[in-house]
Every structure is written in C-alpha cells, then in structure tokens.
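If you're matching positions, the sequence shown starts at 345 in the working numbering and goes up one per residue. Positions of the beta carbon are idealized from the N, C-alpha and C atoms, including for glycine.
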Amino acid sequence: MTEQKVGSEIDQASCIWRMNNAPTKGYEEDVGKRTTIRVVSHTSVPLLLKNADYFFKETNSTIYVIWGPFRNMRKDGSGIVYNMLKKTLDSYPGAKIYVTTEKRMSYCDEIFKKETGKDRFLRRFLFTLLQD
C-alpha cells in the first residue's frame, strides 16, 4: 500500500477494516487515517499494548475484535490475553474491545476446514472475512 497515495479514497469508505497492529500513523497519505474495525489475533495483542495510547486513546472510535484459542481468551482468570484486555479496559474505559467466543472460533475453524480441506488453526485473513 505504500506509495499508492489512496488514503483519502480509503477514508471515504463507510467501513474500514484493518488487521492486527497495522499502522496508519505516518502512512495516512497511502492508507488513510480512519479505522472502523480492527480485527486482532491474540498473538498481536501485546503489540497493540506497546502503543496503547495510540490504539485505545487517540483512535477511540475504533471497534476491536480480538480472536484466539479458548485457553488464551478464558474469562475465569487463566486466559492470559483476556486478562491483558481487561487491564486495558481499566486504563481506557472508552475502548470498544470485544472478544470472540469459543463457539464462534469453532464455527470459523469448521469453515476453514470445509473450504480448504485442512484441519488446522484458522488463518488471520480468513477469520477477518468471516466476521463480516
């Protein structure tokens, strides 16, 4: 996307999806400034948190959909990613952070297997498309 200079065109879209911690700051001319929904893999959550003020304060209108395996997303205190997100919400109470359910992850895994014939963890791009 760099050097394409389509940022203003992208910003005119009614809904702009981005993945993980893909930056917009410093690349506005190429990718635009707006983000409506950001789909984030559990493995990228620590990368978001390294720049938490930018992701959860400056761009506070963005909706975050976090996905990952149940063991990391558990709400009983043992889900490491869920715990990180819970602390983030304490610091940024206006952040719009949603996590996928185990049922939704299973559904997406089934679609992946049906479409590819492969029984393995879901690819990030396919997961993003299935959220639409």
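Proximity below 8 Å, CB of residue i to CB of residue j
i, j, result
"Tyr426", "Arg415", "no"
"Lys377", "Thr406", "no"
"Tyr451", "Tyr408", "no"
"Met428", "Val389", "yes"
Option in the options with minimal Cα separation from residue i
i, options, result
"Lys447", "Glu353, Ser388, Met363, Trp411", "Trp411"
"Lys369", "Tyr451, Cys359, Ser385, Phe399", "Phe399"
"Ser358", "Asn364, Gln348, Thr379, Glu347", "Thr379"
"Val383", "Gly461, Gly421, Thr444", "Thr444"
"Pro413", "Thr387, Glu402, Ile455", "Thr387"
Within-8 Å CB hit, residue i to chain D
i, result
"Arg382", "Absent from the structure is chain D; it holds one protein chain and no more."
Own chain partners of residue i with C-beta closer than 6 Å, once the 5 adjacent residues on each side are dropped
i, result
"Lys457", "Asp463"
"Gly351", "Glu372, Glu373, Asp374, Val375, Gly376"
"Val423", "Position check: residue 423 holds Gly in this sequence, whereas Val was assumed. These residues qualify, in order along the chain: Asn416, Met417."
Alpha carbon of residue i to alpha carbon of residue j, nearest angstrom
i, j, result
"Ala366", "Asp434", "24 Å"
"Asp355", "Ile381", "13 Å"
"Val375", "Leu391", "20 Å"
"Lys394", "Gly438", "18 Å"
"Lys430", "Lys349", "37 Å"
"Tyr524", "Met449", "Missing from the structure shown is residue 524; the chain here goes from 345 to 476 and no further."
"Thr432", "Gly421", "15 Å"
Own chain partners of residue i with C-beta closer than 8 Å, once the 5 adjacent residues on each side are dropped
i, result
"Ile360", "Ile354, Gly376, Arg378, Thr379, Thr380, Ile381"
"Lys401", "Tyr436"
"Gly461", "none"
Beta-carbon contacts of residue i that lie in its chain and below 7 Å, excluding the five residues immediately before and after
i, result
"Asn295", "Examination of residue 295 is not possible in this model, given that the chain is present from 345 through 476 alone."
"Asp397", "none"
"Ser385", "Asn364, Trp411, Gly412, Arg468"
"Glu347", "Asp374"
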